[in-house]
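Chemist:
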């Protein structure tokens, strides 16, 4: 038989149903790939034994006719989701011994639908980064790397790299400012950040609570729909979870796009936008037009201010969320016998957190501190309103928005200009952060390769809770782009 | 609003983080670079703009006032670096 790890999740489930192979065989094949693919550093924790146990259970269910929607499908889980009795680190030293006594709601949904968990995937520490280089466990290597090791993007770098290198059938990610979409674009895979409130945040290590959302990263659009069907849904344990029915996202894949109005925001084409990125963007619009969609230029006038707004709000929320790491209740505790309690906090946190996390905690603390709150934090919340209003105005004129996902392709690990000036790294999020600020759903899917042989992604942004239209349009774009996966 | 060394020390303490004295200058420079960049937000007048706190603007759900979780002392203490008599243990605090 050909390599079963190269199948999409939908194909794999089909093969399991038809008994062409068992979940144990499929799981063993992925475990074998994981062993051979350790050079990518995609996994922080592998759980082969537990996975095989789950796979045996799945095979029993296929045999006795009680198989569920994702029965026996081997997944990788971003190490930001708490998984009961499986170490959950957030890629931080401060949590590197943390074993959650509970399961996040999203991973519980996946387990309830029969998924097999292969292990926990690498990420930027506390999801703070766009290159996976801030992980305490070292950077992930992009499977598209040739002569030089390239970043997979971040923060869900392990999730995207593992899907691209077939170290899992699909994975979970989280997205606070582009953390699903940017790595999906860099690794030539597909990922969707649903509308804020669509997936429960319960049990996901919090970064910026008003922006964080979970979503799937997978081989293609259909696989994302299959996974999101399971991951989404109302949860009493998350006060921001929305009590709305979840449609079957695969039902949108076959719809047509005739007459749909696709908005292209002119502010996403600044002077000096990479010519290849611009050309692929035009090409994608042409493909949709050829299928009967109407292409319309729109304006999102406050786009320019989204990054600065984000880099006030996200660190502010992070500084508050990360105050819980005190070395007392769980996590790393510095050896500080007999010292003052404050000294124990300071030493545990200073030794436990990495550089980027500390930078963001301090920036966040500053913008929230007395005397500066109005000038920075309140100002940014007001700017967030303007950015949100921009999208609401735009959606009066169009059904969905098409943009590039990132202004660049994957860059080398240890890139000097990115490391020396954090703002250069932050600029990679220029096309993705506004969407989190507005709480909208958005998908990145591969559109083609740049001259340098690396994948470029396109982003589709939908109205609140209209992931369906994204799946519809993405399926057409995917069919026409004919991107060749790794 | 450029910040000075004293502010860096104050913010570090509020964050319960240590910035070594030989790193104060570099930290200050880096923060000023980021804060200068953020100040581009002042190009837009927002006097009459309502701040956006939550995108899905809905009232918080109410529920019956009853115990929904509990009796899990062992699970709560399981990850604690130090415990004594079923409590979290900290260094002696005598002011």
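Residue numbers (this note's numbering), protein chains in the order written: chain A, 90 to 575; chain B, 77 to 171. Where is the CB? At the ideal position from N, CA and C, for every residue including glycine. Fair warning: this is a prediction, and the values are worked out from it, not measured in the lab.
1. Look at the alpha carbon of residue 144 of chain A and the alpha carbon of residue 561 of chain A, and state the distance between them as a whole number of angstroms.
2. Measuring only between beta-carbons, confirm whether residue 135 of chain B sits less than 8 angstroms from chain A.
3. Between which two residues does the beta strand (DSSP E) harbouring residue 264 of chain A extend?
4. Can you list the beta strand (DSSP E) stretches of 3 or more residues lying completely in the region 207–285 of chain A, in chain order?
5. Just curious, the alpha helix (DSSP H) that residue 457 of chain A is in, first and last residue?
6. Using 10 angstroms around the beta-carbon of residue 109 of chain B, count the other beta-carbons present and answer buried if the total reaches 16, otherwise exposed.
7. Can you find at least 3 beta carbon pairs, one from the region 516–523 of chain A and one from the region 384–403 of chain A, that sit closer than 8 angstroms?
8. Just reading off the alpha helix (DSSP H) that residue 167 of chain A is part of, what are its end residues?
9. Quick one: Cα of residue 390 of chain A to Cα of residue 361 of chain A, how far?
10. May I ask you to list, following chain order, the residues of the region 84–98 of chain B that have a beta carbon less than 7 angstroms from some beta carbon of chain A?
11. Any beta-carbon of chain A closer than 8 angstroms to the one on residue 100 of chain B?
12. Please classify residue 240 of chain A as buried or exposed, where buried requires at least 16 other C-beta atoms within 10 Å of its C-beta.
13. Applying the criterion that 16 or more other CB atoms from any shown protein chain within 10 Å of the CB defines a buried residue, is residue 252 of chain A buried or exposed?
14. Would you identify the three-state DSSP class for residue 205 of chain A, choosing helix, strand or coil?
15. In chain order, which beta strand (DSSP E) runs of at least 3 residues are fully inside the region 93–180 of chain A?
16. Would you list, in chain order, the members of the region 116–131 of chain B that have their beta-carbon closer than 7 angstroms to a beta-carbon of chain A?
17. Considering only residues of the same chain and omitting the five flanking positions on each side of residue 309 of chain A, which have a CB-CB separation below 7 angstroms?
18. For my contact list, residue 260 of chain A and residue 162 of chain A are in at a C-beta cut-off of 8 angstroms; report their separation, rounded to the angstrom.
19. Can you give the Cα-Cα distance for residue 325 of chain A and residue 262 of chain A, rounded to whole angstroms?
20. Answer yes or no: do residue 403 of chain A and residue 265 of chain A have a C-beta to C-beta separation smaller than 8 angstroms?
21. Figure out for me which residue from A:358, A:528 and A:380 has the closest Cα to the Cα of residue 494 of chain A.
22. Locate the alpha helix (DSSP H) running through residue 83 of chain B, then write down its first and last residues.
23. Starting from residue 385 of chain A and walking both ways along the beta strand (DSSP E), at which residues does that stretch end?
24. Residue range of the beta strand (DSSP E) that residue 601 of chain A falls in?
25. Give the straight-line distance between the Cα atoms of residue 108 of chain A and residue 151 of chain A, rounded to the nearest whole angstrom.
26. Given that residue 156 of chain B touches chain A, what residues does it touch there, using C-beta distances under 8 angstroms?
27. I need the straight-line Cα distance from residue 194 of chain A to residue 290 of chain A, nearest angstrom please.
28. Could you name the residues of chain B that residue 194 of chain A contacts, counting a contact when the two beta carbons are closer than 9 angstroms?
29. Which of helix, strand or coil does DSSP assign to residue 116 of chain B?
30. Distance, Cα to Cα, residue 422 of chain A vs residue 414 of chain A?
31. Sorted by chain position, which residues of the same chain lie with C-beta nearer than 7 angstroms to residue 336 of chain A's C-beta, five sequence neighbours on each side aside?
32. Quick one: using the 10 Å Cβ neighbour count with 16 as the cut-off for buried, is residue 112 of chain B buried or exposed?
33. With a threshold of 8 angstroms between beta carbons, is residue 149 of chain B in contact with chain A?
34. With residue 350 of chain A as the anchor, note down where its beta strand (DSSP E) starts and where it stops.
35. Which residue wins for smallest C-alpha separation from residue 138 of chain A, given the options A:338, A:167, A:93 and A:205?
36. Rounded to a whole number of angstroms, what is the C-alpha to C-alpha distance between residue 460 of chain A and residue 467 of chain A?
Modeler: Taking the coordinates as given:
1. By 1-based counting over the first chain, the position of residue 144 of chain A is 55. By 1-based counting over the first chain, the position of residue 561 of chain A is 472. Each residue's alpha carbon lies about 32 angstroms from the other.
2. Here residue 135 of chain B refers to the residue found at position 59 of the second chain. So, not an interface residue.
3. Taking the first residue of the first chain as position 1, residue 264 of chain A is located at position 175. Where residue 264 of chain A is concerned, the enclosing beta strand (DSSP E) stretches over 259–264.
4. 259–264 and 279–282
5. Position 368 of the first chain, counted from the first residue, corresponds to residue 457 of chain A. Looking at the DSSP string, the run of the alpha helix (DSSP H) that includes residue 457 of chain A is 444–457.
6. In the second chain, residue 109 of chain B corresponds to position 33, counting from 1. Looking at its Cβ environment, which holds fewer than 16 other Cβ atoms inside 10 Å, residue 109 of chain B is exposed.
7. yes
8. Residue mapping note: residue 167 of chain A aligns to position 78 of the first chain, counting from 1. Run containing residue 167 of chain A: none in the alpha helix (DSSP H); it sits in the beta strand (DSSP E), 163–167.
9. Within the first chain, residue 390 of chain A is the residue found at index 301, counting from 1. Within the first chain, residue 361 of chain A is the residue found at index 272, counting from 1. Rounded to the nearest angstrom, the two C-alpha atoms are 18 angstroms apart.
10. 87, 88, 90, 91, 92, 93 and 94
11. Taking the second chain and counting its residues from 1, the one referred to as residue 100 of chain B is at position 24. So, not an interface residue.
12. Residue mapping note: residue 240 of chain A aligns to position 151 of the first chain, counting from 1. Buried is the call here.
13. Translated into positions along the first chain, residue 252 of chain A becomes position 163. Looking at its Cβ environment, which holds 16 or more other Cβ atoms inside 10 Å, residue 252 of chain A is buried.
14. Stepping through the first chain from its first residue, residue 205 of chain A is reached at position 116. In this structure, residue 205 of chain A counts as strand in the three-state DSSP scheme.
15. 132–135 and 163–167
16. Of all residues in the region 116–131 of chain B, the ones placed with a Cβ closer than 7 angstroms to any Cβ belonging to chain A are 116, 117, 120, 122, 125, 126, 127, 128, 129, 130 and 131, in chain order.
17. The residue given as residue 309 of chain A occupies position 220 in the first chain. Taken in chain order, the residues that qualify are 97, 279 and 567.
18. Taking the first chain and counting its residues from 1, the one referred to as residue 260 of chain A is at position 171. Taking the first chain and counting its residues from 1, the one referred to as residue 162 of chain A is at position 73. Contact doesn't hold; Cβ gap of about 11 angstroms is too wide.
19. Numbered from its first residue, the first chain carries residue 325 of chain A at position 236. Numbered from its first residue, the first chain carries residue 262 of chain A at position 173. Approximately 21 angstroms between the Cα atoms of the pair.
20. Walking along the first chain from the start, residue 403 of chain A turns up at place 314. Walking along the first chain from the start, residue 265 of chain A turns up at place 176. Yes.
21. Sequence index remark: in the first chain, residue 494 of chain A carries index 405 (1-based). Residue A:358 is the option with its Cα nearest to residue 494 of chain A.
22. The residue you call residue 83 of chain B lines up with position 7 of the second chain. The continuous alpha helix (DSSP H) containing residue 83 of chain B extends over residues 81–90.
23. Numbered from 1 along the first chain, position 296 holds the residue referred to as residue 385 of chain A. That run of the beta strand (DSSP E) goes 383–387.
24. Limits of chain A in this structure are 90 at one end and 575 at the other, which puts residue 601 of chain A out of reach.
25. Counting from 1 along the first chain, the entry for residue 108 of chain A is found at position 19. Counting from 1 along the first chain, the entry for residue 151 of chain A is found at position 62. Approximately 8 angstroms, taken between the alpha carbons.
26. To locate residue 156 of chain B, count along the second chain from 1; it is residue 80. In chain order: 417, 418 and 419.
27. Taking the first residue of the first chain as position 1, residue 194 of chain A is located at position 105. Taking the first residue of the first chain as position 1, residue 290 of chain A is located at position 201. Roughly 7 angstroms separates the two Cα atoms.
28. The residue labelled residue 194 of chain A in the question sits at position 105 within the first chain. Those within 9 angstroms of residue 194 of chain A in chain B number zero; the least Cβ separation is about 14 angstroms.
29. Residue 116 of chain B sits at position 40 when you count from the first residue of the second chain. Helix.
30. Walking along the first chain from the start, residue 422 of chain A turns up at place 333. Walking along the first chain from the start, residue 414 of chain A turns up at place 325. Roughly 9 angstroms between the two C-alpha positions.
31. As a working note, residue 336 of chain A is residue 247 in the first chain. Hits under 7 angstroms: 557.
32. In the second chain, counting from the first residue as 1, residue 112 of chain B sits at position 36. Exposed.
33. For the purposes of this step, residue 149 of chain B is taken as the residue at position 73 of the second chain. No, residue 149 of chain B lies away from the interface with chain A (no Cβ there is under 8 angstroms from its Cβ).
34. Taking the first residue of the first chain as position 1, residue 350 of chain A is located at position 261. Note, residue 350 of chain A: beta strand (DSSP E), 350–354.
35. Within the first chain, the letter at position 49 stands for residue 138 of chain A. The option with the nearest alpha carbon to residue 138 of chain A is A:205.
36. Counting from one through the first chain, the residue named residue 460 of chain A turns up at place 371. Counting from one through the first chain, the residue named residue 467 of chain A turns up at place 378. Approximately 12 angstroms, taken between the alpha carbons.
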